Amino acid sequence: MGRLFGTDGVRGVANSELTPELAYKIGRAGAYVLASEATHKPRILVGKDTRISGGLLEAALVAGICSVGADAVIAGVIPTPAIAYLVKHENFDAGVMISASHNPFEHNGIKYFSNLGYKLSDATEERIENIILDNSEEIKNPTHEKIGEVFYDNSLCDKYIEFAQRTVSTRFDGLKIAIDCANGSSSVTAEKTLKALGAEVIVLNNEPNGININDDCGSTHIEKLCEFVKNNQVDLGLAFDGDADRVLAVDECGELVDGDKIMSVCAMEMRKKGSLKKDTVVATVMSNLGLFVMGEKNGLNIEKTKVGDRYVLEKMLDEGYSLGGEQSGHIIFLEHNTTGDGLVTGLQLTAIVKETGKKLSELAQIMQVYPQVLINAKVKSENKDKYLEDEEIRLEIEKIEKQFMGDGRVLIRPSGTEPLVRVMIEGKDQSLITEKAKCLADLIVKKLG
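The sequence shown begins at 1160 in the working numbering and counts up one residue at a time.
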């Protein structure tokens, strides 16, 4: 991670860490870098979620964009994946989204997309950072007719909705679907899209007031949707996060269908239709062991990357794969969009339910979720990355994995922000993996704490 940019743009508490002054500089430097090679007056698309700070940061960001001679086209409240799609298909020079995704309302963030709809490379983010923090490049202020202008386009959200509808080839007549919009960006897209496809839609948490985004609702608090679906004879539920780049599902019994299970169901259907390139799904090391077991049983290749959707996308682009994502529901269907798209994912899953005539609970049985235990081992900060250098720790990990004989695994990860080593163990026996995780964490504390 850089000095400003984290794994998903610049984040912080609005008006404290992420100030209007910083937003102005991000707008200015980002527009300069991303539109510097344009032979025409650059156009940059700007969207936001429903946070109370969205307007404040939008005004500052747009001022920065216009100050370097680029036009800003404001789309208003819109999902993050809509920005990614529209930048590419409406010929913008760049796009920028103001959102802190699944975080609480007091946080906000700014993330850029290139003219091809992809999040920025580390090198491009570093260049923008260097301009903001070190004045590494001189940016001149254009005057007269070369100053950027501000435009508003309320039609862009509808264009995204029309695109999303085209990603499925079946209607949803006869299906009763409950959706939790997290009082966020999906409030302007999900209900409209599903109803246009013929579904009966019951909508929860779609009355944003600036401070209720992700507040005990959406994909990070899915328990209430599970209860609602269970008690109201609904065929399935879909829960989005604040900026609608993630979705989790709930089957007709009120049981969670997470990102790993969604990928399993979609992968099997895509392979049947010949659209799962190289019979491969890209997941992260934090996906449940059950996903990898499912792949092995069904002849699917499951590739692993570091945690983070940017690494999933990199692997997909490098190797030519079509499906990848995370347990959190951030899933990329590369034939449709260049980033995780909650609405598109929800539509693909719903289409499979409709086309197969099967209940979601039956489809989701393709993957068994293995019990998982996560324990944090507190260590000295300088020792976080030394767990594999210790012979006793390394041998203990090997011993545990050998005992599981393929029906369990050990995953050790140092925390990126705290003096912790995270010990995760998965396996079929909950009591056994709990015991092993505690013993291993105690050993790590003893040796590295």
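Note that beta-carbon positions come from the ideal geometry of N, C-alpha and C, so glycine has one too.
All values derive from a computational prediction rather than experimental measurement.
Asked: Residues near Val1388 by beta carbon distance below 6 Å, same chain, minus five either side; Found: Ala1337, Gly1396, Val1409 and Gly1413
Asked: Rounded straight-line distance, which links the Cα of Glu1359 to that of Ser1212; Found: 34 Å
Asked: Rounded straight-line distance, which links the Cα of Ser1590 to that of Thr1234; Found: Sequence check: residue 1234 is Ala here, not Thr. Cα-Cα distance, rounded: 51 Å.
Asked: Local conformation of Thr1178 per DSSP, three classes; Found: coil
Asked: Residues near Val1172 in its chain [Cβ-Cβ closer than 7 Å; skip 5 each side]; Found: Glu1265 and His1266
Asked: Contact under 9 Å by Cβ, Pro1240 with Asp1404; Found: yes
Asked: Counterpart residues of Asn1207 in DSSP-defined beta bridges; Found: Going by the sequence as given, residue 1207 is Lys instead of Asn. Answer by DSSP bridge pairing, in chain order: Val1236 and Ile1257.
Asked: Own chain partners of Tyr1311 with C-beta closer than 6 Å, once the 5 adjacent residues on each side are dropped; Found: Ile1233
Asked: Straight-line gap, Val1192 to Thr1509 (C-alpha atoms, nearest Å); Found: 40 Å
Asked: Asn1542, DSSP secondary structure in three states; Found: helix
Asked: Candidates Phe1272, Ser1378 and Lys1543: closest to Gly1608 by CA position; Found: Lys1543
Asked: Status (buried if at least 16 other CB within 10 Å, exposed otherwise) for Glu1284; Found: buried
Asked: Coil, strand or helix - Ala1219 by DSSP; Found: helix
Asked: Own chain partners of Gly1499 with C-beta closer than 7 Å, once the 5 adjacent residues on each side are dropped; Found: Pro1240, Asp1404, Arg1405, Asp1468, Gly1484, His1489, Ile1490 and Ile1491
Asked: Euclidean distance between Cα positions of Val1444 and Lys1420; Found: 15 Å
Asked: For Thr1439, the nearest candidate out of Ser1423, Leu1459 and Val1362 (CA to CA); Found: Leu1459
Asked: At least three beta-carbon pairs within less than 8 Å, the stretch 1200–1215 to the stretch 1278–1296; Found: no
Asked: Those residues which DSSP pairs with Glu1585 across a bridge; Found: Gln1531 and Arg1568
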